[in-house]
Amino acid sequence: MTATPATPLAIAARDYDVVRRAVEYISRHVRQQPEVEEIAAAAGVSARALTDLFRRWCGLTPKAFLQAVTLDRARRIVSECPNVLDAAFELGLSGPGRLHDLFVVHEAMSPGEWKTGGAGLVVRFGFHPSPFGLALAMSTPRGLCGLAFADVGEEAAALADMRARWPNATYVEDPTATAPLVARIFDPTSWQGDQPLRIVFIGTDFEIKVWETLLRIPMGLATTYSTIAEHVGRPKAARAVGAAVGKNPISFVVPCHRVIGKSGDLTGYHWGLTRKRAILGWEAGKVEPAGD
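In terms of this note's numbering, the sequence shown opens at residue 377 and continues consecutively.
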């Protein structure tokens, strides 16, 4: 019997096991700018294999990836683009930085629906391979309502975490329903404005304002909690903004990973700083030349 060929997402998920080890090593030694051979050894593969894998996974070499996720680069992005949200909203941005944003159309459930904890809401869910490990996708008839990540063995915890957000909803495991959503989310060729991905926010009014603001951060750029606070009309509420960012239920699609500290530090991420660094590097591969 002929084996079924692995899908691109299955290959990307398999690659992420090595990427995760490489990124963890990079995170610990980023100031030393380790050589590819050192990173490869820590990841348990040869330098050539690591280079080939990174090119396949994100389009960058390990060296270019390392440069893309350094603290210095993050600081430069913040200092050079302090008004990135103004630019995105008032002027519009073209080019690859907007590819991801252009295919998302969002709406919000009413405050009453949120207050009931999702009572009467049917949420279908499924686990699927992704470039960042297992992706837990959740959908309602109105659109994608949740996207979470998990490493192998963490599936139950990830599901429990997401279910706790809307405890009174009815959950139906239905990977057939969620698979097409995941395929579109992680395939840049599907990021088309004339075929938008519909998402639905389930949260407080303040949280939804923050999540809507996140959608305006272009790929390859970043902003800070304080900048978001200013844009939602609560300039002294950076901590509250941080809490809302941390509760973002639709990871990656609503890019909470593009929010960093004022100093350029990659501050907390609900699904782990290693994954946050990996996502930022993967995105850099979509908007920057491959490099050496």
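Backbone N, C-alpha and C define an ideal beta-carbon position, used for all residues, glycine too.
query	result
Beta-carbon separation (whole angstroms), residue 544 vs residue 494, contact threshold 8 Å	5 Å
Residue range of the unbroken alpha helix (DSSP H) whose run includes residue 547	Element bounds for residue 547: not the alpha helix (DSSP H) but the beta strand (DSSP E), 546-549.
C-alpha gap between residue 661 and residue 569, whole angstroms	21 Å
Coarse secondary structure for residue 388, derived from DSSP in three states	helix
Residues that residue 574 bridges to, as DSSP identifies them	481
Neighbour-count burial assignment, residue 432, 16 or more Cβ in a 10 Å radius	exposed
Residue-chain proximity (residue 587, chain C), Cβ-Cβ < 8 Å	Absence of chain C from the displayed structure is noted, only one protein chain being present.
DSSP bridge partner residues for residue 592 (one or two, in chain order)	Bridge partners of residue 592: none, in fact.
The region 571-587 contacting the region 613-622, beta-carbon criterion three pairs below 8 Å	yes
The region 497-514 in contact with the region 541-555 per 3-pair CB rule at 8 Å	yes
Top-ranked residue by Cα proximity to residue 615, from 603, 626, 625	603
Residue closest to residue 387, alpha-carbon to alpha-carbon, out of 651, 605, 559	559
Test item: CB-CB of residue 485 and residue 514 under 8 Å	no
Buried or exposed (CB count within 10 angstroms, at least 16 for buried), residue 444	buried
Cβ neighbours of residue 653 in the same chain (closer than 8 Å, five flanking residues each side left out)	399, 402, 403, 445, 642
Beta-carbon spacing of residue 574, residue 481 below 8 Å	yes
Same chain, Cβ closer than 7 Å to residue 427, five either side skipped, listed in chain order	412, 437, 438
Within 8 Å, strictly: CB atoms of residue 418 and residue 390	no
Buried or exposed by the 16-neighbour rule on C-beta atoms within 10 Å, applied to residue 598	buried
Residue 471 classed as buried or exposed, judged by whether at least 16 other C-beta atoms fall within 10 angstroms	Because the pLDDT at residue 471 is just 44, under 50, the model does not fix this residue reliably, and the value given afterwards should be weighed accordingly. Exposed, by the Cβ-count rule.
Straight-line gap, residue 410 to residue 441 (C-alpha atoms, nearest Å)	12 Å
First through last residue of the alpha helix (DSSP H) which encompasses residue 516	Segment 509-516 is the beta strand (DSSP E) holding residue 516; no alpha helix (DSSP H) there.
Span of the beta strand (DSSP E) around residue 705	Only positions 377 to 668 of the chain appear in the structure, and residue 705 is not among them; the question remains open.
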